[in-house]
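Read the structure below first, then the notes.
Residue numbers (the numbering used here), protein chains in the order written: chain F, 281 to 943; chain V, 30 to 355; chain B, 25 to 372; chain W, 8 to 135; chain C, -4 to 146.
This is how it looks when you write it as structure tokens:
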């Protein structure tokens, strides 16, 4: 039999002025199960809490109801009070007789009557409360970073520096990501390689960091603190431990006509290659689509010439399985395909290029050794026109509805660099808006205009066409209300960016949610911007939304801080108000797992006794209390009522309903 | 139809003799032509009672929940509409698909003996089917009936004669085209006033004797323990004396199978009081189709149901109301 | 013997209804069941088998037994029988048109509910009832009352009636019947013996031809209990059984019930409601369930009808051959199949 | 009809939401009849938005617009300047009392691919 | 008996409101701290998320004599549990439609999204709902007579 104690707070006059607190306390005394009922001026005060503690001990209370302000205010306080008196903190219920009663009603009788009902309702619930214990789960002190771009690198370094093991899984043959392809970076114009490659080397040399390049995540099991991840190490046909990076194979390879993807396909590379000079790991990889040996069985030249004996044509994909406590997703981005934008003539004209292609053309290690030559004839372009917002801010369905955020700044950078290096070049920029929020950003853009004389035209391009070898860029100049046509030698499209397509698979594996633009969703846009709703999964870089390098690095470090905070704990305390299945009734139909936003539900085959000596194996749901957030979506989806929610059980809610309806 | 029966029998014999399957689920002869019962045949001898005729209306797929757990493979004869239930059960992991051999069989629409009797024919001794006409003999004489008038309710609004799953098929004749009228009766009710609808359902549900036949026959009601049998659920009830109970049971049952009900029509077929229970489930189906896009449960054996999925632009509950045009 | 023209039956009903309650087969929402008669109701005397049997009138599907009124921490127990008895005395009732099989079923129930300890709830209603039976003239294929020695052409009851195309014939058998006759006598004229005899003969001829007329019950004896219980064929007979309660709820003799509590605004109502041995939670006890498989539950039902009950009631079977389960079983299982499988046909 | 009603009417006929315009000028950047347009395609949208329809109703541009739909095709925001032009034209024609064209005047064989709006606007224009 | 008749004179509906902990319950708190009144016959049950509300709770409320049931949750897209209210939206759209199909007055059930900042709206919604139910009258169609009779 429950022994319930009821404590009615006056909250000074906040409650007592409209609710006859003494009458409430008195009336409640006759409720079945109530053995103690008291009222006091401030229950949350030291003395009030003392009163509660004393009553719990003296009257041997098994549960208490505090009629006071909102549980959002003092539930935690009274739970601690109960705990201090030796009562399980979850045996406390709050009747909200302030916000939901005294403050909104004026008539004393009415408010008092309602307060009695609210207290009765809380009593009905607390009678069905069960003592709950917050669970604990151990934490594996190792983190996984998916993606080896600047976001992944920064997060890995920060985590490793704090003393935790980190694995970076990178799907390409080298880490470095998009930043490695860039020439200079805004707003300081330092060389991208100069600031990135030392970090890449740091990763390679850090004793706590393990780089799994040319690898992909295949399977993720487990939950925060205890992820079990299966990683596919794709066959690179080169033994990573033997290859010295001498590049003789690249010289000797007879199949040299592969598109150099690192250079955005602007030149060719051999079938066996190291993506770029500062690649980490500095190990060759064979493109099986291009390799003559792998395609026809004949050739084997690289093997012959490899002094280290690193070439292995028989290599197969292998799998490694590792345990992690936390996962950082940093899968990055790619420019969108321009198939929907025929008006810019990208497909027809070699000299219409994307900004990322321009980066490679201007890079000292690029296809033109850093000399700006146009792709069609290798001549210096004299007139260069930039077009902004190509596919960004487009709600017509052809492009992306969002602003890609980085284009305004990198275009200013490009324009500035060109004007600096080749002062005889005319540079025009068609823009809709120039967006430069950020430290020293607007100054940077204004420098391009004021110092370098870049011609910014407010307006958009309607058409780019080739006339006698010249690129005619027809657009509007809204300031002058004119339509103009600029004869250009090179046209650069500020192409919108989108999340790397592999993000969909990663999101599915992690049960992380994704928005309509394929960006990963953060737990809270303002207050938890680097956490995924899936506990233990963190988001860094453009996989969460468009952002530039400084922002990406900040977010990566923020992720690292979150990961370090998590890995620093030996055990995780879990919210005890979680879903719990009654295996005896579970059909294993999987409907609950379908609505779980956190992937907290899995299924196991269990043996059940049927009576008469018979047994049956049934598939039943199992909830991981460390992952479940306690929303209750599963409880309603479950037709058999197998799923219930601790702290908000169906019976508790129904008894509240009954208490309210009892007139 | 006789040729189909013979072919099925022959195939069942082969499968049992060859040991390919351990049992075949089909129908067994009853006391009359019109009362075959579902049965599991484990030997060729048992097949002596095998039957397949116009009264084999029962949906056999639910029996597979138990059968697929038994040793050896189970072969089952599934009519087109039963195949939806089969898929739905596979989707919900209630049937181990690998243990089942599905034989898709022809169906020309099944007959309802109660409808025959409702024509005033009593003491029926023999029924003969011939194309569109059915001859009924009784102790009081012989009557010729038109098949369309005595089809089972579920067959009179057949949703199509295409099997959604099969390992092999026995289809010897062309099957009738789907009858696209299954929402007509729902629409008729929707067109009534609230008061009329309430009166209609009051009168119908008052008849309910809470025998649970609708629930127990329903392939979607495959719970190990039903909430209505479970004292811990808070809504357990055996009686249906009060009008609330009569409604509660049917509302909750319809909600629990919403998005999962394949509209196999078994609930109405088995109701001893002939309550049009399928009109409850069809309302959900119609609303789901109208509000969230066409969905047919059991069309596939995987994927989410309309109630376990959503779109960001779903209609607001307060605007989705009523049978009015959406 | 008395008779009344068919067209005047409404006058008869109205007359009875003046002083007594009148329950009879009435069609509502397409189905015929026993309902209170009233002007304009669709009476269907010809219906052989109402969906629910008339047992509902004495042993309702759900009935309140007592109430616990609570106020604060106090509980008051309220016995509802006083009210029930007062109402029964105030207005006794007539059950009109009960068929022979259903009348026999009431006898079966009486042996259960009126034996010590008497079920007072049942007794109050039973005593308040005058039963007017109606002879069958058009039995159907699922009927097999004759197997249990019931004469469908001449049912018992307080009053027996016969109906032909023109007249309802009336014959009182008991004191209650005489009293009822006195109440309505003015509406009747004398005669009809010959017509009744003709109808009886005609019906007998059909009864003999019914497909189940020759079921053999000889094996269903207490001494064969163990043998029948252990029969291996129960498994296959029950395999299609859904475990629904249709057969038990339409059965005129099934008498199992469950007692439960219902929480109200002012306390708790303790009520009883029909239960079914086909249900998985039937006779569920603290230690678990005595019948764990559907086969065991299925066997329980038919063993009870054909062996257990007769062994305690001088060989009286608790099946009356009404054939409702034959008609209503969703999967076409029924007692006839059981009798044939285990007992056979007399001619076999 | 008051001016406000007329503005609303033009907006309704055009079926386009002028507030969606982000003033990028792509429509005018592409307009092949730009130099003959005294009011430019993007201005049609902004001026309608501001309610300055008097100038639009008097403009020559409504008769010089080719109804080629390039502006509609190019707009990244799903705004249809040509539809605004057409709505203004329509309004002018109606204000002159010529309520549309007659069905029988439409040539019997019309290429299905020609947008109906183009056909109608061309017809009005050359019928002026 | 007399008490009953006097009660009947003036109908004050009994209303059960299910509010999610994160938005609507907080919205109700804000209505309170802003002193925005609504009738006392609205009683709130706190649930973690609107998706915790089982149709059986709604029916239970009607059985026990509630005259109106309202569910409040975070605005779609703002769910604390990411997707919870999306499921609520579908479930309740179908359930309420279905209840109406059974002849239950459509005004008796409602879903409203109220954020933690919308104290004003919470109060307005409740005032409007109480007004609607008061005009509609007592719930007679989905109530359990046994609960009310008691005696």
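Idealized CB from N, CA, C, for every residue including glycine.
**Request:** Compute the Euclidean distance between the alpha carbons of residue 324 of chain V and residue 244 of chain V, then round it to the nearest angstrom.
**Result:** Sequence index remark: in the second chain, residue 324 of chain V carries index 295 (1-based). Sequence index remark: in the second chain, residue 244 of chain V carries index 215 (1-based). The alpha-carbon atoms of residue 324 of chain V and residue 244 of chain V are separated by roughly 22 Å.
**Asked** So, is the C-beta of residue 88 of chain C closer than 8 Å to a C-beta in chain V?
**Response** Start at 1 with the first residue of the fifth chain, and residue 88 of chain C comes out as number 93. Yes, its Cβ sits closer than 8 Å to a Cβ of chain V.
**Request:** Could you work out which residue in V:134, V:157, V:130 and V:224 is closest to residue 190 of chain V when comparing CA atoms only?
**Result:** Indexing the second chain from 1 puts residue 190 of chain V at position 161. Residue V:134 is the option with its Cα nearest to residue 190 of chain V.
**Prompt:** Quick one, are the C-beta atoms of residue 758 of chain F and residue 32 of chain W less than 8 Å apart?
**Reply:** Within the first chain, residue 758 of chain F is the residue found at index 478, counting from 1. Within the fourth chain, residue 32 of chain W is the residue found at index 25, counting from 1. Yes, the Cβ-Cβ distance between residue 758 of chain F and residue 32 of chain W is below 8 Å.
**Message:** Rounded to whole angstroms, what is the Cα-Cα separation between residue 866 of chain F and residue 66 of chain C?
**Reply:** By one-based count along the first chain, residue 866 of chain F stands at place 586. By one-based count along the fifth chain, residue 66 of chain C stands at place 71. Between residue 866 of chain F and residue 66 of chain C, the alpha-carbon positions lie close to 28 Å from each other.
**Asked** Taking 8 Å as the CB-CB limit, is residue 26 of chain W close to chain F?
**Response** Locating residue 26 of chain W in the fourth chain gives position 19, counting from the first residue. So no, residue 26 of chain W is outside the interface.
**Message:** Comparing C-alpha positions only, which one of F:307, F:791, F:928 and F:290 sits nearest to residue 499 of chain F?
**Reply:** Numbered from 1 along the first chain, position 219 holds the residue referred to as residue 499 of chain F. Answer by Cα proximity: F:791.
**Residues near residue -2 of chain C by beta carbon distance below 6 Å, same chain, minus five either side** = Within the fifth chain, the letter at position 3 stands for residue -2 of chain C. Any reading at residue -2 of chain C must be qualified, since the residue scores a pLDDT of 43, below 50, and its modelled position is unreliable; no value is offered.
**Item:** Selection from F:729, F:560 and F:681 that minimises the alpha carbon distance to residue 83 of chain W
**Value:** In the fourth chain, residue 83 of chain W corresponds to position 76, counting from 1. With distances taken between Cα atoms, residue 83 of chain W lies closest to F:681.
**Asked** For residue 482 of chain F, does the three-state DSSP call read helix, strand or coil?
**Response** Locating residue 482 of chain F in the first chain gives position 202, counting from the first residue. Three-state result, residue 482 of chain F: helix.
**Message:** Taking only three categories from DSSP, how would you classify residue 676 of chain F?
**Reply:** The residue given as residue 676 of chain F occupies position 396 in the first chain. Assigned with DSSP and collapsed to three states, residue 676 of chain F falls in coil, not helix or strand.
**Request:** Note down the Cα distance separating residue 325 of chain F from residue 353 of chain F, rounded to an integer number of angstroms.
**Result:** As a position in the first chain, residue 325 of chain F is number 45, starting the count at 1. As a position in the first chain, residue 353 of chain F is number 73, starting the count at 1. Those two C-alpha atoms are separated by around 13 Å.
**Asked** Below 8 Å between beta carbons: does that hold for residue 635 of chain F and residue 691 of chain F?
**Response** Translated into the one-based positions of the first chain, residue 635 of chain F becomes position 355. Translated into the one-based positions of the first chain, residue 691 of chain F becomes position 411. Contact annotation: residue 635 of chain F and residue 691 of chain F have beta-carbon atoms nearer than 8 Å.
**Request:** Go ahead and pull the three-state DSSP assignment for residue 631 of chain F.
**Result:** Mapped onto the first chain, residue 631 of chain F falls at position 351. The answer is coil: DSSP assigns residue 631 of chain F none of H, G, I, E or B.
**Prompt:** So, does the CB of residue 924 of chain F fall closer than 8 Å to a CB anywhere in chain W?
**Reply:** The residue you call residue 924 of chain F lines up with position 644 of the first chain. At least 8 Å separates the CB of residue 924 of chain F from every CB of chain W.
**Prompt:** The alpha helix (DSSP H) with residue 250 of chain B in it runs from where to where?
**Reply:** Here the question's residue 250 of chain B lines up with position 226 in the third chain. Note, residue 250 of chain B: alpha helix (DSSP H), 249 to 253.
**Request:** Return the CA-CA distance between residue 177 of chain V and residue 27 of chain W, expressed in angstroms with no decimal places.
**Result:** Counted from its first residue, the second chain places residue 177 of chain V at position 148. Counted from its first residue, the fourth chain places residue 27 of chain W at position 20. Between the alpha carbons of residue 177 of chain V and residue 27 of chain W lies a gap of roughly 58 Å.
**Prompt:** Where does the unbroken beta strand (DSSP E) through residue 315 of chain B begin, and where does it stop?
**Reply:** Locating residue 315 of chain B in the third chain gives position 291, where the first residue counts as 1. No beta strand (DSSP E) contains residue 315 of chain B, which DSSP labels as neither H nor E.
**Prompt:** Beta-carbon of residue 151 of chain V versus every beta-carbon of chain B: anything under 8 Å?
**Reply:** Here residue 151 of chain V is taken as the residue at index 122 of the second chain, counted from 1. The beta-carbon of residue 151 of chain V is placed less than 8 Å from the nearest beta-carbon of chain B.
**Request:** Could you please tell me which residues of the region 193 to 220 of chain B, in chain order, have their CB closer than 8 Å to any CB of chain F?
**Result:** Under the 8 Å Cβ criterion, the region 193 to 220 of chain B contributes no residue.
**Prompt:** residue 32 of chain B by DSSP, collapsed to three states: which one?
**Reply:** Against the third chain, residue 32 of chain B aligns to sequence position 8. Correct three-state label for residue 32 of chain B: helix.
**Among F:875, F:869 and F:607, nearest to residue 884 of chain F - alpha-carbon criterion** = Along the first chain, read from residue 1 onward, the residue named residue 884 of chain F stands at position 604. Residue 884 of chain F has its Cα closest to that of F:869, out of F:875, F:869 and F:607.
**Asked** At a cut of 8 Å, does the region 61 to 78 of chain C reach the region 97 to 106 of chain C through at least three beta carbon pairs?
**Response** With a cut-off of 8 Å, the region 97 to 106 of chain C and the region 61 to 78 of chain C count as touching, because enough Cβ pairs lie within range.
**Asked** Which whole-angstrom value describes the C-beta separation of residue 268 of chain B and residue 241 of chain V, a residue pair presumed to lie in contact below a C-beta threshold of 8 Å?
**Response** Here residue 268 of chain B refers to the residue found at position 244 when the third chain is read from its first residue. Here residue 241 of chain V refers to the residue found at position 212 when the second chain is read from its first residue. Contact holds; Cβ gap of about 5 Å.
**Item:** Rounded C-alpha distance that separates residue 257 of chain F from residue 19 of chain C
**Value:** Only positions 281 to 943 of chain F appear in the structure, and residue 257 of chain F is not among them; the question remains open.
**Request:** Confirm, please, whether the CB-CB distance from residue 105 of chain V to residue 125 of chain V is below 8 Å.
**Result:** Taking the second chain and counting its residues from 1, one reaches residue 125 of chain V at position 96. Taking the second chain and counting its residues from 1, one reaches residue 105 of chain V at position 76. No, these two residues do not count as a Cβ contact at 8 Å.
**Item:** Buried versus exposed, by CB contacts within 10 Å (16 or more), residue 439 of chain F
**Value:** Taking the first residue of the first chain as position 1, residue 439 of chain F is located at position 159. So residue 439 of chain F counts as buried.
**Asked** Relative to the C-alpha of residue 282 of chain F, which residue among F:540, F:803 and F:345 is closest?
**Response** Taking the first chain and counting its residues from 1, the one referred to as residue 282 of chain F is at position 2. Ranked by Cα distance from residue 282 of chain F, the options F:540, F:803 and F:345 are led by F:345.
**Asked** Counting Cβ pairs closer than 8 Å, one from the region 379 to 387 of chain F and one from the region 410 to 425 of chain F, do we hit at least three?
**Response** Touching, no.
**Prompt:** Hey, is residue 489 of chain F close to the ligand SAM, as in C-beta under 7 Å from one of its heavy atoms?
**Reply:** This structure lacks the ligand SAM; in fact it carries no ligand of any kind.
**Request:** Using alpha carbons as the reference points, say which of F:486, F:872, F:629 and F:938 lies closest to residue 773 of chain F.
**Result:** Here the question's residue 773 of chain F lines up with position 493 in the first chain. When only C-alpha atoms are compared, the closest one is F:629.
**Prompt:** Looking at the unbroken beta strand (DSSP E) that takes in residue 281 of chain B, where does it start and where does it end?
**Reply:** Walking along the third chain from the start, residue 281 of chain B turns up at place 257. Residues 281 to 288.
**Item:** Cα-Cα separation between residue 93 of chain B and residue 295 of chain B, rounded to whole angstroms
**Value:** Counted from its first residue, the third chain places residue 93 of chain B at position 69. Counted from its first residue, the third chain places residue 295 of chain B at position 271. Taking the straight line joining both Cα atoms gives about 14 Å.
**Asked** First and last residue of the beta strand (DSSP E) that includes residue 8 of chain W?
**Response** What you label residue 8 of chain W is simply residue 1 of the fourth chain in a count that begins at 1. Premise fails: residue 8 of chain W is in no beta strand (DSSP E) and is neither H nor E.
**Asked** Quick one: is residue 474 of chain F buried, meaning 16 or more other Cβ sit within 10 Å of its Cβ, or exposed?
**Response** Position 194 of the first chain, counted from the first residue, corresponds to residue 474 of chain F. Residue 474 of chain F comes out exposed.
**Asked** Going along chain W in order, which residues have a C-beta closer than 8 Å to the C-beta of residue 712 of chain F?
**Response** As a first step, residue 712 of chain F is located in the first chain; it is residue number 432 there, counting from the start. Ordered by position in chain W, the residues that pass the 8 Å Cβ test against residue 712 of chain F are 29, 30, 31 and 32.
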